[in-house]
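Q: Quick one: this structure, given as structure tokens, is what I'll be asking you about.
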Amino acid sequence: MAPGEVMERERLEEAARTILNALPGDAEKAVKIVGSKSIMVKAARGSVSVAQGFQDLLLEIYLARDGKIAVTSFKTPRLDDAAKIAARVVDKLEKSPLYAPLPEPSGSSSRAVDKKVATMVAEGDTAGLTSLIDPDRWGDISGMAELAVTTTVLTASNGAELTLEKTSFNGYTRIFGREFRSGQWSWVSTRFDEKLAEEAIQTAKLLAEECSKLPEEIPEPGSYRLLLSPMVGGNLLEIVASSLLAGSVLLGFSMFSHNKPGDRIASDALTLSSTPLDDELPGYSTFDDEGVATRDIAAIENGVLKTFLHNTKTARLMGAETTGNAGWILPRLFNLQLGPGDISPDNVYEALGNGLYLTNNWYTRLQNYLEGRFSTVLRDAVIRVRNGKPVSCTPGYKLRLAGSLKDLIMNVEAAGSKQYKIMWWEVNRPFKLPHIIVASSPGIEVRRG
Numbered sequence: 044m045a046p047g048e049v050m051e052r053e054r055l056e057e058a059a060r061t062i063l064n065a066l067p068g069d070a071e072k073a074v075k076i077v078g079s080k081s082i083m084v085k086a087a088r089g090s091v092s093v094a095q096g097f098q099d100l101l102l103e104i105y106l107a108r109d110g111k112i113a114v115t116s117f118k119t120p121r122l123d124d125a126a127k128i129a130a131r132v133v134d135k136l137e138k139s140p141l142y143a144p145l146p147e148p149s150g151s152s153s154r155a156v157d158k159k160v161a162t163m164v165a166e167g168d169t170a171g172l173t174s175l176i177d178p179d180r181w182g183d184i185s186g187m188a189e190l191a192v193t194t195t196v197l198t199a200s201n202g203a204e205l206t207l208e209k210t211s212f213n214g215y216t217r218i219f220g221r222e223f224r225s226g227q228w229s230w231v232s233t234r235f236d237e238k239l240a241e242e243a244i245q246t247a248k249l250l251a252e253e254c255s256k257l258p259e260e261i262p263e264p265g266s267y268r269l270l271l272s273p274m275v276g277g278n279l280l281e282i283v284a285s286s287l288l289a290g291s292v293l294l295g296f297s298m299f300s301h302n303k304p305g306d307r308i309a310s311d312a313l314t315l316s317s318t319p320l321d322d323e324l325p326g327y328s329t330f331d332d333e334g335v336a337t338r339d340i341a342a343i344e345n346g347v348l349k350t351f352l353h354n355t356k357t358a359r360l361m362g363a364e365t366t367g368n369a370g371w372i373l374p375r376l377f378n379l380q381l382g383p384g385d386i387s388p389d390n391v392y393e394a395l396g397n398g399l400y401l402t403n404n405w406y407t408r409l410q411n412y413l414e415g416r417f418s419t420v421l422r423d424a425v426i427r428v429r430n431g432k433p434v435s436c437t438p439g440y441k442l443r444l445a446g447s448l449k450d451l452i453m454n455v456e457a458a459g460s461k462q463y464k465i466m467w468w469e470v471n472r473p474f475k476l477p478h479i480i481v482a483s484s485p486g487i488e489v490r491r492g
């Protein structure tokens with residue numbers, strides 16, 4: 044470990060202890076500080092446009108007294124001022140029905156640090172990122188590539204003193220062909236994996252080229268057999284995962300509010316897991332916000348709801364046990380994973396047979412949380428497949444996908460054997476997942492406009 048890394052970690056640990064001691068002694072209390080440094084390179088329509096660096100410090104404070112809970116967060120280097128503000132808040136609050144005592148800590152400190160990423164960030168060296176998305180290499184490219192180093196310290200009155208250090212490498216690129224035909228893909232890792240990024244950019248390029256070669260055919264509105272790329276699947280299944288958070292159930296924002304563990308809620312081809320211990324993805328963590336050890340857990344296994352994702356507060360209210368997914372008030376997501384199937388990446392068109400390959404989507408909105416009714420704008424290449432062969436392509440901005448996420452997961456028919464590591468602005472949690480095939484259903488429609 045480089046001396047600079049030690050100094051940063053020790054500085055944050057000392058600051059967390061100091062703030063914890065400054066908070067009222069008769070309260071349950073916890074302090075979390077997240078320090079991060081990052082570098083980023085952006086490209087826009089075939090030119091590198093920006094190379095920049097960032098340094099952020101986030102302070103979060105938890106206080107509980109007499110059943111009242113206060114959680115405050117600050118982005119400020121003036122940590123002492125933040126502690127004084129937080130201490131004044133808790134007595135002004137009403138008792139919370141979510142209150143539960145901070146549990147005995149069981150998590151452990153850990154590291155998932157790639158030395159190359161740490162060195163590049165420390166030196167502000169953006170040359171490797173610029174080379175990666177070089178327009179001379181890829182043509183009409185837009186997107187970004189980013190490296191980050193993050194240190195999280197958690198100190199609490201329950202005895203937790205935990206540290207997590209990790210690095211991340213993520214990005215997304217969109218490549219244009221003729222007449223606004225385009226392809227997009229993303230990548231994410233805890234390591235500087237140039238091959239991973241190049242494969243993602245190459246996938247975007249191949250989609251743009253394939254769409255450019257095919258005639259345009261705008262599908263008639265209606266239901267189709269669908270092949271969802273990991274970009275589209277990641278976006279829609281992240282919403283499904285959010286509905287598996289016990290907090291979403293309690294607040295009435297879950298499509299599974301009327302379900303209980305043991306219910307069949309999806310097809311047997313679908314296994315969706317929370318995987319905080321996957322150190323290949325930057326959602327990696329060995330402890331949650333309560334200091335409890337995290338664990339990898341299948342929330343949906345072969346279509347059956349196995350568990351909601353809990354912290355101690357929601358577990359107390361719902362008669363369950365924490366799953367190590369704590370935020371201080373409500374549970375949260377770390378990494379996600381969709382189990383693979385047996386379709387080779389080279390045979391996805393053949394497995395689809397007749398239908399539409401949806402490669403990307405933006406701006407997903409829920410019209411009804413309890414029913415899981417959604418609408419999303421399709422982007423980039425939408426490829427029509429007949430008899431296992433691509434026959435036409437439509438620029439995605441002319442189409443929407445709408446319907447019920449409950450219907451969608453019930454109609455997942457098969458999955459690819461290769462899992463892709465995806466994260467970008469429409470997939471906020473690092474997600475490892477394959478292509479999926481969704482059978483035609485009247486509850487899921489492709490629409491124009």
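Residue numbers (this note's numbering): 44 to 492. All C-beta atoms in this analysis are idealised placements derived from N, C-alpha and C, irrespective of residue type, glycine included.
What residues in its chain sit with their C-beta under 7 Å from that of G302, if we drop five residues either side in the sequence?
A: The sequence position of residue 302 within the sequence shown is 259, counting from 1. In the sequence on display, residue 302 carries Asn and not Gly. So the list reads I308 and L348, once near-sequence residues are dropped.
Q: In whole angstroms, what is the alpha-carbon distance linking F474 and T233?
A: Your numbering for residue 474 matches position 431 in the sequence shown. Your numbering for residue 233 matches position 190 in the sequence shown. The straight-line gap from Cα to Cα measures roughly 13 Å.
Q: Taking all protein chains shown into account, decide if D389 is buried (16 or more other Cβ within 10 angstroms of its Cβ) or exposed.
A: Within the sequence shown, the letter at position 346 stands for residue 389. That one is exposed.
Q: With respect to the beta strand (DSSP E) encompassing D179, which residues constitute its N-terminal and C-terminal limits?
A: The residue you call residue 179 lines up with position 136 of the sequence shown. Here D179 belongs to no beta strand (DSSP E); instead the alpha helix (DSSP H) covers P178 to W181.
Q: Using CA coordinates, which residue listed in K138, G396 and N411 is at the minimum distance from A482?
A: The sequence position of residue 482 within the sequence shown is 439, counting from 1. Selected option, being the one with the closest Cα: G396.
Q: Around the Cβ of Y215, are there at least 16 other Cβ atoms within 10 angstroms (buried) or fewer (exposed)?
A: In the sequence shown, counting from the first residue as 1, residue 215 sits at position 172. Per the 10 Å Cβ criterion, buried.
Q: Taking K75 and L66 to be in contact with their CB atoms under 8 Å, please state how far apart those CB atoms are, rounded to whole angstroms.
A: Sequence index remark: in the sequence shown, residue 75 carries index 32 (1-based). Sequence index remark: in the sequence shown, residue 66 carries index 23 (1-based). At roughly 13 Å, the Cβ-Cβ gap does not stay under 8 Å, so K75 and L66 are not in contact.
Q: Taking contact to mean at least 3 C-beta pairs separated by less than 8 Å, is the stretch 332-345 in contact with the stretch 364-382?
A: The stretch 332-345 is in contact with the stretch 364-382.
Q: Helix, strand or coil for V156? Go by DSSP, reduced to three states.
A: For the purposes of this step, residue 156 is taken as the residue at position 113 of the sequence shown. V156 falls in the coil class under three-state DSSP.
Q: Report the residue from E137, R131 and T357 whose alpha carbon sits nearest the alpha carbon of P144.
A: Mapped onto the sequence shown, residue 144 falls at position 101. Measuring from the Cα of P144, the nearest candidate turns out to be T357.
Q: How would you call P112, buried or exposed, if buried means at least 16 neighbouring beta carbons within 10 angstroms?
A: The residue you call residue 112 lines up with position 69 of the sequence shown. Residue identity check: residue 112 is Ile in the sequence provided, not Pro. The residue is buried, with at least 16 neighbouring Cβ atoms inside 10 Å.
Q: My parser needs the alpha helix (DSSP H) runs of 4 or more residues fully inside the stretch 252-308; what are they?
A: 273-286 and 289-294
Q: Going by alpha carbons, who is nearest to T198 out of L257, E56 and G326?
A: As a first step, residue 198 is located in the sequence shown; it is residue number 155 there, counting from the start. Of L257, E56 and G326, the residue nearest in Cα terms is E56.
Q: List the endpoints of the continuous alpha helix (DSSP H) containing Y327.
A: Residue numbering aside, residue 327 sits at position 284 when the sequence shown is read from its first letter. From DSSP, Y327 is part of no alpha helix (DSSP H); its letter is neither H nor E.
Q: Along the chain, where does the alpha helix (DSSP H) that runs through L352 open and close?
A: Indexing the sequence shown from 1 puts residue 352 at position 309. Element bounds for L352: n/a, residue is neither H nor E.
Q: Where does R416 sit, in a helix, a strand or coil, going by DSSP?
A: On the sequence shown, position 373 is the one that residue 416 refers to. Strand.
Q: Excluding the 5 residues flanking V283 on each side, which residues of the same chain have their C-beta closer than 7 Å to its C-beta?
A: Here residue 283 refers to the residue found at position 240 when the sequence shown is read from its first residue. Taken in chain order, the residues that qualify are L315, L448 and I452.
Q: Measure the alpha-carbon distance for T115 versus F299 and round it to whole angstroms.
A: Position 72 of the sequence shown, counted from the start, is the residue given in the question as residue 115. Position 256 of the sequence shown, counted from the start, is the residue given in the question as residue 299. The straight-line gap from Cα to Cα measures roughly 30 Å.
Q: Mapping DSSP to helix, strand and coil, what is N403?
A: Locating residue 403 in the sequence shown gives position 360, counting from the first residue. Reduced to three states, the DSSP call for N403 is strand.
Q: Mapping the DSSP letters down to three states, classify L63 as helix, strand or coil.
A: As a first step, residue 63 is located in the sequence shown; it is residue number 20 there, counting from the start. In this structure, L63 counts as helix in the three-state DSSP scheme.
Q: Pull up the distance between the alpha-carbon of I82 and that of V391, whole angstroms please.
A: Locating residue 82 in the sequence shown gives position 39, where the first residue counts as 1. Locating residue 391 in the sequence shown gives position 348, where the first residue counts as 1. Roughly 36 Å between the two C-alpha positions.
Q: Which value, in whole angstroms, describes the spacing of the CA atoms of V91 and E242?
A: Within the sequence shown, numbered from 1, the residue matching residue 91 stands at position 48. Within the sequence shown, numbered from 1, the residue matching residue 242 stands at position 199. C-alpha separation (whole angstroms): 20 Å.
Q: Quick one: using the 10 Å Cβ neighbour count with 16 as the cut-off for buried, is K135 buried or exposed?
A: Mapped onto the sequence shown, residue 135 falls at position 92. With fewer than 16 Cβ atoms within 10 Å of its Cβ, K135 is classed as exposed.
Q: Note the first and the last residue of the continuous alpha helix (DSSP H) segment covering Y392.
A: Walking along the sequence shown from the start, residue 392 turns up at place 349. Taken as a continuous stretch (DSSP letters only), the alpha helix (DSSP H) holding Y392 covers V391 to L395.
Q: So L101 packs on V77, CB below 8 Å; how close in whole Å?
A: What you label residue 101 is simply residue 58 of the sequence shown in a count that begins at 1. What you label residue 77 is simply residue 34 of the sequence shown in a count that begins at 1. The pair is a contact, with the Cβ atoms about 4 Å apart (cut-off 8 Å).
Q: If you follow the alpha helix (DSSP H) that L197 is in, where does it begin and where does it stop?
A: Position 154 of the sequence shown holds residue 197. Per DSSP, L197 belongs to no alpha helix (DSSP H); it is in the beta strand (DSSP E), I184 to A199.
Q: Buried or exposed, going by whether 16 or more other CB atoms sit within 10 Å of the CB of V468?
A: By one-based count along the sequence shown, residue 468 stands at place 425. Going by the sequence as given, residue 468 is Trp instead of Val. W468 should be labelled exposed.
Q: Between F117 and L63, what straight-line distance do the alpha-carbon atoms span, to the nearest angstrom?
A: Counting from one through the sequence shown, the residue named residue 117 turns up at place 74. Counting from one through the sequence shown, the residue named residue 63 turns up at place 20. Taking the Cα positions, F117 is about 15 Å away from L63.
Q: Suppose the cutoff is 6 Å on Cβ atoms and the five residues either side in sequence are ignored; what does the same chain contact list for F97 look like?
A: Here the question's residue 97 lines up with position 54 in the sequence shown. So the list reads S81, once near-sequence residues are dropped.
Q: Provide the residue span of the alpha helix (DSSP H) that contains A170, from first to last.
A: If you number the sequence shown from 1, residue 170 lands on position 127. A170 -> alpha helix (DSSP H) spans A170 to L175.
Q: With DSSP as the reference, identify every bridge partner of F212, one or two as the case may be.
A: Taking the sequence shown and counting its residues from 1, the one referred to as residue 212 is at position 169. The partner list for F212 (beta bridge, DSSP) reads L190 and S232.
Q: Return the chain-ordered list of same chain residues with a C-beta closer than 8 Å to the C-beta of N278, the five sequence neighbours on each side being excluded.
A: Numbered from its first residue, the sequence shown carries residue 278 at position 235. Here the set comprises N404, T407, T419, E469 and V470.
Q: Can you give me the C-alpha to C-alpha distance between G171 and P264, rounded to a whole angstrom?
A: Position 128 of the sequence shown, counting from 1, holds the residue named residue 171. Position 221 of the sequence shown, counting from 1, holds the residue named residue 264. Distance between the alpha carbons of G171 and P264: 45 Å.
Q: Counting only the same chain and skipping the five closest in sequence on each side, list residues whose C-beta sits under 8 Å from that of I261.
A: By 1-based counting over the sequence shown, the position of residue 261 is 218. Around I261: T437, K441, L442 and R491.
Q: With DSSP as the reference, please indicate the residues paired to G437 in a beta bridge.
A: By 1-based counting over the sequence shown, the position of residue 437 is 394. In the sequence as presented, Gly is not what sits at residue 437; that position holds Thr. In DSSP, T437 forms a bridge with V425.
Q: Run through the DSSP bridge pairs and tell me what P374 is partnered with.
A: One-based indexing of the sequence shown puts residue 374 at position 331. Answer is A369.
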